[in-house]
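To start, the structure under review is shown below, and the notes come after it.
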Amino acid sequence: MEYRYLGASGFRVPALSFGTGTFGGQGALFSSWGQTDVAEARRLIDVCLDAGLNMFDSADVYSKGAAESILGEAIKGKPRDSLILSTKATFRFDEGENGVGSSRYHLINAIDAALKRLGTDYIDLFQLHGFDARTPVEEVVSTLDNLVRAGKIRYLGVSNFSGWHLMKSLAAADRHGWSRYVAHQAYYSLVGRDYEWELMPLAADQGVGAVVWSPLGWGRLTGKIRRGRPLPETSRLQSQTSVDSGPPVDQEHLFRVVDVLDEIAAETGKTLPQIALNWLLQRPTVSTIVVGARNEEQLKQNLGAVGWNLSAEQVARLDAASAVTKPYPYWHQAGFKYRNPTPV
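Residue numbers 195 to 538, in the numbering used here, belong to the letters of the sequence shown in order.
Right under this line is the structure:
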């Protein structure tokens, strides 16, 4: 397993990390992802560790805390310092007035609850799951800095932030000497390259590593979704709740990308998911890609994305197939690349 620095920090993380969204399977959304119990979670974690993958990502809203609890049970007995635990909070967890957001009240409660569910006394990487415009960034960042100083969190990150959300937060941290965000858990895939327009240049400039979620485009790049064929019965896209919660993708755009993936699969002997993941591993600012799996077979297939590289020509073909028209001002900025270059 390849290891990389998490943003501009000195912390090393595996190029692939394991997402626990399939753990628990509670509720309309997460039941469509998977229903992994403790026994199966323990087996999947062992497969990960055997492959050198030791980073496990969760969130309090995954099956209403059940994913964190199952992860905590599954890692019992394993040396804590051999594991990297990552989790998130901000979205609504309960119906109380303060059961949502990034206020000092909610973050302290969320961290303490996550530590209890995970069965640990510290979280290696804690990420805000979304931006809370109702809470001043100074309150948010100072609270997280205090939690770092208290030893409950080692590194800080965010998820699903806009560029200005992230830059405003980093500026507040710099102004007051507080702990900085070193990670951004963001959606990025061959069929969703919006990350490249604003967030990637910001990440390169500010030393924020991408923790990529849904690298297979919400299950669309598995190779099972084809022109003129019905969706597989096990696809998360069978659930309207899941479709509404995930990234939108134009079907023709998807099939155009899949056509090129098929060509490269024939050339390399690799699967479509392995090729899609390997393409991401070669993109600037990517620190780790969160892969999920309903079962051991899927997990082992995803692990096959490392240890080899697509050729520059194959990457260029995938770039061309997945390109879309950029919105303003990014199409305009493309004419000034010699002084305002993009990372890719």
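A virtual CB, placed ideally from N, CA and C, is assigned to each residue, including glycine.
- Counting the other CB atoms within 10 Å of its CB gives lysine 346 a total of 16 or more, which places it among the buried residues.
- Annotation: isoleucine 458 to asparagine 303 spans about 48 Å, alpha carbon to alpha carbon.
- Taking 7 Å as the cut-off, the beta carbon of aspartate 399 is found no closer than this to the beta carbon of serine 373.
- The residue among Trp391, Pro395, Asn354 with its C-alpha nearest the C-alpha of histidine 378 is Asn354.
- The alpha-carbon of alanine 470 is positioned some 8 Å away from that of leucine 455.
- Residues of the same chain with a CB within less than 6 Å of the CB of valine 485, apart from the 5 flanking positions on each side, are Leu210, Asn496 in chain order.
- Within the same chain, Gly219 come within 6 Å of glutamine 229 by CB-CB distance, once the 5 residues on both sides are set aside.
- When Cβ pairs closer than 8 Å are counted between the two stretches, the segment 269-283 is seen to touch the segment 320-329, the count reaching three or more.
- For alanine 366, the enclosing alpha helix (DSSP H) starts and ends at 357-370.
- In the structure shown, the three-state DSSP call for methionine 195 is coil.
- Boundaries of the beta strand (DSSP E) harbouring arginine 348: 347-353, taken from the DSSP string.
- Taking the C-beta atoms as reference points, leucine 474 is found nearer than 7 Å to proline 409.
- Within the segment 210-275, the complete beta strand (DSSP E) segments at least 3 residues long are 210-213, 249-251, listed from N- to C-terminus.
- The C-alpha of tyrosine 389 lies about 24 Å from the C-alpha of aspartate 318.
- Rounded to whole angstroms, the separation of the alpha carbons of leucine 504 and threonine 465 is 12 Å.
- Just measuring C-alpha positions, the residue of Leu301, Leu200, Gly498 sitting nearest asparagine 472 is Gly498.
- In this structure the segment 228-245 does not lie against the segment 291-310, because fewer than three pairs of beta carbons, one per stretch, are closer than 8 Å.
- Closest in alpha carbon position to glutamate 333, among Val342, Leu360, Ala366, is Ala366.
- Glycine 440 is bridged by DSSP to nothing; it lacks a bridge partner.
- In the DSSP secondary-structure assignment, proline 208 is bridged to Tyr197.
- A direct Cα-Cα distance of roughly 18 Å separates glycine 213 from glutamate 196.
- Closest by C-alpha distance to glycine 221, out of Gly201, Val207, Asp251, Ala261, is Ala261.
- Per the DSSP secondary-structure output, tyrosine 375 pairs in a beta bridge with Leu350.
- Restricting attention to alpha helix (DSSP H) runs no shorter than 4 residues, the segment 470-505 encloses them at 490-497, ordered along the chain.
- When DSSP states are grouped into helix, strand and coil, glycine 529 belongs to the helix group.
- Excluding its 5 nearest sequence neighbours in each direction, valine 255 has C-beta neighbours in its own chain below 6 Å: Phe285, listed in chain order.
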